[in-house]
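Heads up: the sequence shown at position 373 corresponds to 373 in my numbering, and the numbers run straight through without jumps. Yeah, the Cβ is synthetic: ideal placement off N, Cα and C, and Gly gets one too. Inspection log for the structure reproduced underneath, given as structure tokens.
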Amino acid sequence: MNHMRRYIFTTAAILGLLLGWEVREAAAGTNVLKVRDVFYMTGQTVTVYIDVTNEDPIRDFQFYLRFPAGLTFDGTSFLKTGRILDHSVNCSYQTEGPYVGSFMFLGMNLNGTPFSGNSGAILALTCTVTGGVGSYAVTVPWSKLTGFSGLSSTACSDGMVTIFDPATAARLRVRTRLEGFNITAVMRNELALSGYIPLTSPYAEAPRTASSIPTNVADWILLELRTTPGGSPVYRQSYLLRADGEVVELNGTTINLGLTLPSGSYWIVLRHRNHAAVMSAAAFALNSTEYRLYDFTLAASQYYGSGGVLSSSRYSMPAGEINQDGRLTSRDYVSWYNKFFTNPGAGYHAEDLNGDALVNNLDFYLWQNNARLGMDSRVP
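Here it is in structure tokens:
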């Protein structure tokens, strides 16, 4: 039986190569260092994130930051993220030279391990707001990202810290479906019923811990909001996805989401650990007086770039994005294949695409169908 299973899926792997599943690799992109735009309510601790968007491996970095009047950084209150744990980072205030009045950050690799892919924050700086409500520009007068080949990039981008009155905070409701978890009118909740869903969100970029997981929940889900289609998130939070498709707070019942950003129009992005990320077709206007619903399940037109798939009469997030690189390729298949042949027991597995707690042929078929259709994430 095991011999037959190996023959079937080795053949599938070869077929995948013939169909071009393997050749759809990420093209090398321009590495960019940028200050993330962030929003905070008055009275909150302000964290400024330094992001690197990249596909090329990066070894070392150096950049300068200038802070405006009303936003103070002490030069020591910063933390490395998991992307650069093997780097030594030093910060010094410049009292002379072309960048006087700025802080210089120098990051050196210690053991030859690059940071690449998974674009996101490398540093988190804690700042103090001495001004009031308003916008504060944090600028990058110069930066340099160096790769192991010696090639470097000096592309950089400033960011804006916006402090706003809590009375103007935006409100939202979101509804979606996971294709693999769909059964009929609802999604499977076996993972919750069996106690396999972890109390801590699987999304390291937005850590959150629940005291318990309600049994009416399908899984964790990550919500992001952007001010432009290809921009960095200005809001990111882990929530629970209820079996009926409602994105809810950790109690499993609250569908009205209070956001820590001001009223305005935002692009809505949803991410799941083994489904392709999706984004709203257009910016969605949010206000502080009503919880407006964005329903991804209604139609293909709700998705940016037609990124949804019809499943059980509802438009859903496409299954199969196991390694979370934005594409459904044979790399996802290999992840499933390797897990499948370790004969894992029931549990919380990224390779379990249909949410039944098992890794089996049913998960392979979900990936195979969407890979053939080219159902990558359409989120830029």
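Val133 classed as buried or exposed, judged by whether at least 16 other C-beta atoms fall within 10 angstroms: Position 133 of the sequence shown holds residue 133. With fewer than 16 Cβ atoms within 10 Å of its Cβ, Val133 is classed as exposed.
Ordered along the chain, which non-local residues of its own chain (more than five positions away) have a Cβ less than 6 angstroms from that of Asp37? Position 37 of the sequence shown holds residue 37. Gly159, Met160, Val234, listed in sequence order.
Report the residue ranges of all beta strand (DSSP E) runs contained in full by the region 38-112; include only those spanning at least 3 residues, in chain order. 38-41, 46-53, 60-65, 78-80, 87-93, 103-109
What residue does the beta strand (DSSP E) around Leu298 start on, and which one ends it? Numbered from its first residue, the sequence shown carries residue 298 at position 298. Leu298 -> no beta strand (DSSP E), and no H or E assigned at all.
Cβ neighbours of Ala383 in the same chain (closer than 8 angstroms, five flanking residues each side left out): As shown, the chain starts at 1 and ends at 380. That puts residue 383 outside it, with no answer to give.
Residue burial classification, Pro166 (beta-carbon count within 10 angstroms, cutoff 16): Start at 1 with the first residue of the sequence shown, and residue 166 comes out as number 166. The residue is exposed, with fewer than 16 neighbouring Cβ atoms inside 10 Å.
What number of angstroms, rounded off, separates the C-alpha of Gln368 from the C-alpha of Asp352? On the sequence shown, residue 368 is found 368 positions in, with the first residue counted as 1. On the sequence shown, residue 352 is found 352 positions in, with the first residue counted as 1. The straight-line gap from Cα to Cα measures roughly 14 angstroms.
Suppose the cutoff is 7 angstroms on Cβ atoms and the five residues either side in sequence are ignored; what does the same chain contact list for Ile255 look like? Within the sequence shown, numbered from 1, the residue matching residue 255 stands at position 255. So the qualifying residues of the chain are Arg173, Glu246, Val248.
If we call anything under 8 angstroms between Cβ atoms a contact, is Phe164 one with Phe39? Taking the first residue of the sequence shown as position 1, residue 164 is located at position 164. Taking the first residue of the sequence shown as position 1, residue 39 is located at position 39. Closer than 8 angstroms, so yes.
Contact set for Arg24: own chain, Cβ-Cβ below 7 angstroms, skip 5 residues either direction: Residue numbering aside, residue 24 sits at position 24 when the sequence shown is read from its first letter. In this prediction, Arg24 scores a pLDDT of 35, lower than 50, which makes its location untrustworthy; no coordinate-derived value is stated.
According to the Cβ coordinates, are Phe63 and Leu33 closer than 8 angstroms? Within the sequence shown, the letter at position 63 stands for residue 63. Within the sequence shown, the letter at position 33 stands for residue 33. Between Phe63 and Leu33, the C-beta gap is smaller than 8 angstroms, which places the two residues in contact.
Opposing strand residues paired with Phe368 [DSSP bridges]: Against the sequence shown, residue 368 aligns to sequence position 368. The question names Phe, but residue 368 in the sequence shown is Gln. For Gln368, which the question treats as bridged, DSSP gives no partner whatsoever.
Cβ-Cβ separation, Ala243 to Val186 (assumed contact under 8 angstroms), whole Å: On the sequence shown, position 186 is the one that residue 186 refers to. On the sequence shown, position 243 is the one that residue 243 refers to. 4 angstroms between Cβ atoms; contact.
Do you know offhand how far Gly29's Cα is from Pro57's? Counting from one through the sequence shown, the residue named residue 29 turns up at place 29. Counting from one through the sequence shown, the residue named residue 57 turns up at place 57. Reliability of the predicted coordinates at Gly29 is poor, the pLDDT of 43 falling under 50, and the value obtained from them is presented with this limitation in mind. Straight-line Cα distance between these residues: approximately 10 angstroms.
Just verifying my parser: in three-state terms, what is the DSSP assignment at Asp244? To locate residue 244, count along the sequence shown from 1; it is residue 244. Note: Asp244 maps to coil in three-state DSSP.
Can you tell me where the alpha helix (DSSP H) with Asp332 in it begins and where it stops? Against the sequence shown, residue 332 aligns to sequence position 332. Run containing Asp332: 330-340, per the alpha helix (DSSP H) assignment.
In terms of residue numbering, what span does the alpha helix (DSSP H) encompassing Glu351 cover? On the sequence shown, position 351 is the one that residue 351 refers to. Judged by DSSP secondary structure, Glu351 falls outside any alpha helix (DSSP H); it is assigned neither H nor E.
Separation of Arg331 from Tyr304, as counted between CA atoms: Residue 304 sits at position 304 when you count from the first residue of the sequence shown. Residue 331 sits at position 331 when you count from the first residue of the sequence shown. Going by the C-alpha atoms only, they are around 24 angstroms apart.
contact_flag[the region 305-322, the region 262-279] where n(CB pairs < 8 angstroms) is 3 or more: yes
Just the C-alpha distance for Arg208 and Ile221, rounded to the nearest angstrom, thanks. The residue given as residue 208 occupies position 208 in the sequence shown. The residue given as residue 221 occupies position 221 in the sequence shown. In a straight line, the C-alpha of Arg208 is about 11 angstroms away from that of Ile221.
Which residue's Cα is closest to the Cα of Leu191: Leu358, Asp376, Thr95? Along the sequence shown, read from residue 1 onward, the residue named residue 191 stands at position 191. Minimum Cα distance to Leu191 is reached at Leu358.
Identify, in the order they occur along the chain, each residue of the same chain with its Cβ nearer than 8 angstroms to the Cβ of Asn251, setting aside the five sequence neighbours on each side. Position 251 of the sequence shown, counted from the first residue, corresponds to residue 251. Taken in chain order, the residues that qualify are Pro214.
Nearest-angstrom Cα separation, counted from Asn189 out to Asp51: Here residue 51 refers to the residue found at position 51 of the sequence shown. Here residue 189 refers to the residue found at position 189 of the sequence shown. Distance between the alpha carbons of Asp51 and Asn189 is about 35 angstroms.
Based on Cα-Cα distance, which residue from Thr81, Ala350, Phe296, Arg171 lies nearest to Asp219? Mapped onto the sequence shown, residue 219 falls at position 219. The residue with the shortest Cα to Cα distance from Asp219 is Ala350.
Spatial neighbours of Ala299 in its chain, beta-carbon cut-off 8 angstroms, leaving aside the 5 residues before and after: Position 299 of the sequence shown holds residue 299. Once the five neighbours on either side are set aside, the close Cβ partners of Ala299 are Tyr315.
When DSSP labels each residue in this structure, what does Asp363 get in the three-state scheme? Taking the sequence shown and counting its residues from 1, the one referred to as residue 363 is at position 363. Of the three classes helix, strand and coil, the one that applies to Asp363 here is helix, per DSSP.
Cβ atoms of Thr176 and Phe296: under 8 angstroms apart, would you say? Taking the sequence shown and counting its residues from 1, the one referred to as residue 296 is at position 296. Taking the sequence shown and counting its residues from 1, the one referred to as residue 176 is at position 176. Yes.
Since I believe Pro68 is in contact with Ser102 (beta carbons under 8 angstroms), could you give me their beta-carbon distance rounded to a whole number of angstroms? Residue mapping note: residue 102 aligns to position 102 of the sequence shown, counting from 1. Residue mapping note: residue 68 aligns to position 68 of the sequence shown, counting from 1. About 12 angstroms; that fails the 8 angstroms criterion.
Under a Cβ-count criterion, where at least 16 other Cβ atoms within 10 Å of its own Cβ denotes burial, should Gln44 be classed as buried or exposed? One-based indexing of the sequence shown puts residue 44 at position 44. Exposed: under 16 other Cβ atoms inside 10 Å.
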